[in-house]
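Numbering (this note's numbering), first residue to last: -10 to 47.
Glycine included, C-beta positions come from ideal geometry on N, C-alpha and C.
Right, one structure below, let's go through it.
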C-alpha cells in the first residue's frame, strides 16, 4: 500500500503539517507509522481524516 507524508496529508485534508504530525503522534490517524522517533511519518494514502467536519476529502 502506498504512503503519503505529512505535507501531502495536510494538502489533502486542509490542515497544517504540524496538526497532521500531532495527530500521528497522538494515534488519531489509523496505521500512521514512524521508523524511529523524529523520522518522517508514513500515512496510508487511504487513511481517513480524523476530523470529518473540515477535511477536504473527495
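Proximity to residue i [Cα-Cα], best of the options
{"i": "residue 39", "options": "20, 26 and -9", "result": "20"}
{"i": "residue 18", "options": "2, 32, 3 and -3", "result": "32"}
Cβ neighbour criterion (16 or more within 10 Å) applied to residue i
{"i": "residue 5", "result": "exposed"}
{"i": "residue 36", "result": "buried"}
{"i": "residue 22", "result": "exposed"}
{"i": "residue 10", "result": "buried"}
Any chain B beta carbon closer than 8 Å to residue i
{"i": "residue 35", "result": "Checking the listed chains, one finds no chain B in this structure; it contains a single protein chain."}
In chain order, each beta strand (DSSP E) run of at least 3 residues that lies wholly inside the stretch -4 to 34
Correct list: 30 to 33.
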